Each structure stands twice: as structure tokens, then as C-alpha cells.
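In our numbering, the protein residues as written are 3 to 400.
Cβ atoms here follow ideal geometry from the backbone N, Cα and C, with glycine treated the same way.
Keep in mind the model is a prediction, meaning the values are calculated, not measured.
Here's the structure, in C-alpha cells; my notes come after.
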Amino acid sequence: VGAGGDVGDAPPPGPTRPTGDLSFDSAECDEAEDAAFIEQLARAAALPADAKKAPSPPPATRAKTMELAEEDVVKACRKGVVHLEFLPRADASIVAAGDKSGNLGLWAYDAAFAERDEADGVRLLKPHGQYISGLTWKEVGSGAPPTLLTASYDGVVRSMDAETGTSSEVLVLDGHEGRRKVEISAFDAFGELAYVASNEGDLGAVDMRAKGLAWKRDGLIEAHHKKINTVDIERGSAHLLATSSTDATVKIWDVRKLGGAKAKPVAELGLARGSQGATWAPDGSKRLLVITWNDDLQVYGNVGQAGRKGAELLGKVHHKTKTGRYTIPLRPKWLPRGDGFVCGGMNRTLDFFDASAKKLGQLSSEFLTAIQSRVAIHPYTGVVCSASNSGRLHMFKH
């Protein structure tokens, strides 16, 4: 402000989010305790990633036999958990959770480590300034441990090194220093490309080596008319991408044909209500699991293989999905074999279904005190972790 009270050429305000490289500095543990956790994380991440030599996960029919012990419930995040993923190693016992306020919770649930750890194996970090809109473990290759990728409404994608705990910026679209402002509402990554979507319905690809948007036309295409809630890469082909949206459609894209001015989906599913999630079966069968606000779960086959009308409805089940304004929307998850899936229930249960959407059973417990909006399944052991609006994680074991 000048002498006469006029506003001078003050620089625009900078980002209110964490910036640059972030060291592993958890909220409630000291440096030595964090170092012990990083050592545990690095040891788990360095385990072999050869799926052919790993044990097979249990079938869907055994899922309903799991139990929840009181010691397998922890407070991992400060706010409601919106993303949840296990470290994908056969002998690893670590799960990552992102919440609505940009916090990242890591839980080393190995009994021996948790027992000697003052914080029960939990570390809370703050890599983002807003809602974490995506979280996935990315394989680096050449025997290197995976990195943990996170994306946020703050317009930033970050990568955390599992050996050092250091978090680095991969993409910044926060509106500062001439950059475009994009509220990243959904995210997935496979290989060297990641895919980001926005609250406005835009879709873009990120070249993680170049740390920038990979497509022309400002790097984004208009994929939907409203918010995109999920993006999911089909791991078997690595070129089919499913997007679910509030605009009551799920669209399938061939990423090899995206980036042009007239990019079009190879298939489109019209729904009665908006969809809060669409995810591919993990077995490469190109089946798609869809949840909608019309109180149903749907399974489609032959998706993206025969043009726009090629999707076949394989199963559909009534399941209450209207969680209301103050509860995080439900999002189902395939079981590792692709022979079924699990979804939280409105009666504080975990409900299990086979691949044709027929109900197999449900899990409940006196230690489940809230709706379990998000679920993750260990890809090798079949252990199920569910998360609630309070930031608590619940580990069901066989």
C-alpha cells in the first residue's frame, strides 16, 4: 500500500499448499520414529514383485469368513478417507490412505512392527493442500521399489519415494506462475503416463518423465459435461481408459487415439443417474464394475471391444448408494481374482458379490461404527481394508 493508501504492485498470493520436495515428517512422531517407519516401508517395497511366484489370493467365496479384531482398527487420517491402496507386494503389510483435506495416512499393520511402535504403525503426512483425488502405487521397473503417486484438488500430482519417504512434484496445475488452474477430481497411472480429470469434465494425460501434460490443445479434452469422478486404466491392455461422471455416463477411451481435436470415446454407457465409480476387473477380462446414484451396482462385459454398442450387461443388483450430503459416496472394489467384488453397505457392513452381481454374504462387526465408504483388497493375501468418514481404517483378516 502506497503513502496515499493506494494498493501497489504487490505480487499475487502464492500457493497455500505444500510446495517443492517434502521430507518424511509425520504429524505426531519424532525423527527417530519416522526413520524407523521409512526403514519398514523401504524393506516392504523392496520385496520381489513377481506375481507368478506370489501366492494366489483366496476366492470370493471365502471373503465372508474374514474377521475384524479390535487391534485392527486405527485412526489413520484426520478427515474422511477417499482413497485407499495396499502396497502391492506379496509379503508387505502396508496400506496408504488419502483424505478430504490433503492428508496421507500410512499404516504398517505388521503385528510385530505395530506392537513396538509408539503410534501403532501409523504415520500422518500432509503432501497436499486439498482433497486427495487419486492414489496409486506405481511400478518403476528394473527391480526398483514402487513409488506412491497422489493427486489432489490443489492441481498437483506428487510421487513419494518408498526408500527415502521424500515426496516430489510430478505435475503442477495450480494457477500460479502462468500455469493453468485445474482442480484434479480423478487420477490413475500406468507405465509412464498418468491420467487426470477435472471437476469441469476435462481429461488429460501426464508424461511423468517430462512432468507435463502430454496432449496438445492445452493438454486437456472435454470428455464429460460435468465432474469426472473416476478414471481407471485397464491394466491388461494398457490402452483402454474408463471415466465415470456426474453427467450420468461412463465412457471408454482408447488412449492411443486421444489428444486430438475430435477425440471420441470407443464406447459409452448411458445411465439413469450419475456414476461415482467405474473400475476394470483385474484379470484382463475387460469387464467393468459401475456404481450409480440410482441405488445399483452393474457389471458389464465386452466393454470397448465392439464399438459403442458392444457393452453387455452381465449383472445388476440393487444396493443403496445414496449416502447423503455428509457421508463419502460408496465405491465398490473388485476382488483380486476378478471373481467378485465388495462394497460398503448403509447398515455399516461390507457386502460381497460374485462376478455376476449375486450377493455372497456380508461382514459386520461391533468395531464397525460407521458406513464404510471406501475399500481396498490386498492383491495377494486378500486382506480387506475399509475406511470411514472419520478417518479410521479397519483391517479384516482370514
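Where the alpha helix (DSSP H) containing E35 begins and where it ends = E33 to A47
Could you name the residues that DSSP lists as bridge partners for M397?
-> C387
Rounded to whole angstroms, how far is the Cβ of L271 from the Cβ of A313, which I believe are closer than 8 Å?
-> 6 Å
Please classify T351: does DSSP put it in a helix, a strand, or coil?
-> strand
R310 to K322, Cα distance in whole Å?
-> Unreliable positioning characterises R310 in this predicted model, as indicated by a pLDDT of 48, which lies under 50. The coordinate reading is nonetheless provided below. Computed Cα separation, rounded: 28 Å.
Pick helix, strand or coil for A51, following the three-state DSSP scheme.
-> coil
Can you tell me which of the three DSSP states K66 falls into?
-> helix
Taking DSSP as the reference, what is the three-state secondary structure of R289?
-> In the three-state reduction of the DSSP assignment, R289 falls in the coil class.
Sequence-distant residues of its chain with Cβ nearer than 6 Å to P331 (five each side left out) = A distance below 6 Å between beta-carbons, with the five flanking residues on each side excluded, links P331 to the following residues of its chain, in chain order: Q278 and T325.
With DSSP run on the structure shown, which of helix, strand or coil describes A378?
-> strand
Shortest alpha-carbon distance to R333 belongs to which of L175, Q300, L362 and G306?
-> Q300
Jot down the residue ranges of each uninterrupted alpha helix (DSSP H) in the stretch 119-195, minimum 4 residues, whole runs only, in chain order.
-> none
Contact check, K66 vs Q374, beta carbons under 8 Å | no
Can you tell which of N391, S390 and V386 has its C-alpha closest to the C-alpha of V97?
-> V386
At a cut of 8 Å, does the stretch 239-253 reach the stretch 221-229 through at least three beta carbon pairs?
-> yes
Return the chain-ordered list of same chain residues with a C-beta closer than 8 Å to the C-beta of G203, the five sequence neighbours on each side being excluded.
-> E224, A225, H226, H227, K228, K229, I230, S247 and D249
Own chain partners of R19 with C-beta closer than 8 Å, once the 5 adjacent residues on each side are dropped = G104, H130, G131, Q132, S154, D156, V158 and D176
Please work out which residues of its chain come closer than 6 Å, Cβ to Cβ, to D234, disregarding the five sequence neighbours upstream and downstream, and give them in chain order.
-> So the qualifying residues of the chain are D190, A244, T281 and W282.
Identify every residue that forms a DSSP beta bridge with E255.
-> Looking at the sequence itself, residue 255 is Trp, so the reference to Glu does not match. Note: W255 sits in a beta bridge opposite L243.
According to the neighbour-count rule (16 or more other Cβ atoms, all chains shown, within 10 Å of its Cβ), is L315 buried or exposed?
-> In the assembly as shown, L315 is an exposed residue. Its beta-carbon has fewer than 16 other beta-carbons within 10 Å.
May I ask which residues mark the beginning and end of the beta strand (DSSP E) holding K318?
-> E314 to H320
Along the chain, where does the beta strand (DSSP E) that runs through T232 open and close?
-> I230 to I235
Own chain, CB closer than 6 Å to I40, minus 5 neighbours either side, in chain order | Around I40: F26 and G167.
If you count every other CB in all the chains shown that lies within 10 Å of the CB of T251, and 16 or more means buried, which is it?
-> buried
Bounding residues of the beta strand (DSSP E) (the contiguous stretch that carries W282) | S277 to W282
Classification of G404 by the beta-carbon crowding that lies within 10 angstroms, buried from 16 upward | Look at the range of the chain in this structure, 3 to 400, and you will see that residue 404 is not part of it.
Excluding five sequence neighbours on each side, which residues of the same chain lie with their C-beta closer than 6 Å to the C-beta of H85?
-> G100, I134 and L137
DSSP state of F115, grouped into three classes?
-> helix
Pull up the distance between the alpha-carbon of L395 and that of A38, whole angstroms please.
-> 22 Å
Return yes when the Cβ of P59 is within less than 8 Å of the Cβ of G384, no when it is not.
-> yes
Chain-order list of residues whose beta-carbon lies under 7 Å from that of A188 (same chain, five-residue window excluded) | S135, G136, A199, I230, N231, T232 and V233
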